[in-house]
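Shown next, in structure tokens, is the structure this report addresses.
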Amino acid sequence: MAAREDPDPIELHLCHRCLMRLPVDAGGVDLPRRVREALKAHGLADKTLLIPASCLGHCPTGKVTVLVVPDATARGTHAKLIDPKEDGEDLARHLDARLAPKAGPP
Numbered sequence: 005m006a007a008r009e010d011p012d013p014i015e016l017h018l019c020h021r022c023l024m025r026l027p028v029d030a031g032g033v034d035l036p037r038r039v040r041e042a043l044k045a046h047g048l049a050d051k052t053l054l055i056p057a058s059c060l061g062h063c064p065t066g067k068v069t070v071l072v073v074p075d076a077t078a079r080g081t082h083a084k085l086i087d088p089k090e091d092g093e094d095l096a097r098h099l100d101a102r103l104a105p106k107a108g109p110p
């Protein structure tokens, strides 16, 4: 019987330029640490990989762009705008909702 491989981690590319454009009181420089803490609190630390990225080309005012790459096929890749004041909780909730088992016939 072959050993089951762990699934690819969900890649989370966090836009560095967005972080630098945030007001100082938003704590952009510290946001990656806070996002990691939120992912860990939601049990997502082992399922995700937070990767710093240069500019992702979408510069929302007061938000940070995260490119979410679900697996190695890159199917379902999408951008998620997160609020730095939520300390990554909004991203963790977004991932929780996407990873929740779909209800369907037994």
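Residue numbers 5 to 110, in this note's numbering, belong to the letters of the sequence shown in order. All C-beta atoms in this analysis are idealised placements derived from N, C-alpha and C, irrespective of residue type, glycine included.
Based on Cα-Cα distance, which residue from the options lies nearest to residue i?
{"i": "Leu-35", "options": "Leu-54, Pro-88 and Ala-96", "result": "Pro-88"}
{"i": "Arg-97", "options": "Ala-78, Arg-21, Val-28 and His-46", "result": "His-46"}
{"i": "Lys-67", "options": "Asp-100, Asp-10 and Leu-85", "result": "Leu-85"}
{"i": "Cys-22", "options": "Thr-65, Glu-90 and Leu-103", "result": "Thr-65"}
Could you name the residues of the same chain whose beta carbon sits closer than 7 Å to that of residue i, not counting the 5 residues immediately before and after it, in chain order?
{"i": "Glu-15", "result": "Leu-53, Ile-55 and Val-73"}
Tell whether a beta-carbon distance below 8 Å holds between residue i and residue j.
{"i": "Leu-71", "j": "Ala-49", "result": "no"}
{"i": "Gly-92", "j": "Ala-30", "result": "no"}
{"i": "Pro-11", "j": "Asp-75", "result": "yes"}
{"i": "Pro-13", "j": "Lys-51", "result": "yes"}
{"i": "His-62", "j": "Ala-83", "result": "yes"}
Which residue marks the beginning of the beta strand (DSSP E) containing residue i, and which one marks its end?
{"i": "Cys-19", "result": "14-19"}
{"i": "Leu-54", "result": "52-57"}
{"i": "His-82", "result": "82-86"}
{"i": "Leu-71", "result": "68-73"}
With residue i and residue j assumed to form a contact (beta carbons below 8 Å), what rounded beta-carbon distance in angstroms separates them?
{"i": "Cys-19", "j": "Thr-81", "result": "That belief does not hold up - the Cβ atoms of Cys-19 and Thr-81 are roughly 14 Å apart, past 8 Å."}
{"i": "Val-39", "j": "Leu-95", "result": "6 Å"}
For the ligand GDP, is there a heavy atom less than 7 Å away from the beta-carbon of residue i?
{"i": "Leu-54", "result": "Ligands are entirely absent from the displayed structure, and the ligand GDP is therefore not among its contents."}
Taking the alpha helix (DSSP H) that residue i belongs to, which residues open and close that run?
{"i": "Leu-43", "result": "35-45"}
{"i": "His-98", "result": "93-103"}
Leaving out five residues on either side along the sequence, give the residues of the same chain with a beta carbon under 6 Å from the beta carbon of residue i.
{"i": "Leu-60", "result": "Cys-19, Thr-69 and Leu-71"}
Can you find the residues in the same chain that come closer than 8 Å, C-beta to C-beta, to residue i, ignoring five residues on each side of it along the sequence?
{"i": "Arg-25", "result": "Gly-32 and Cys-63"}
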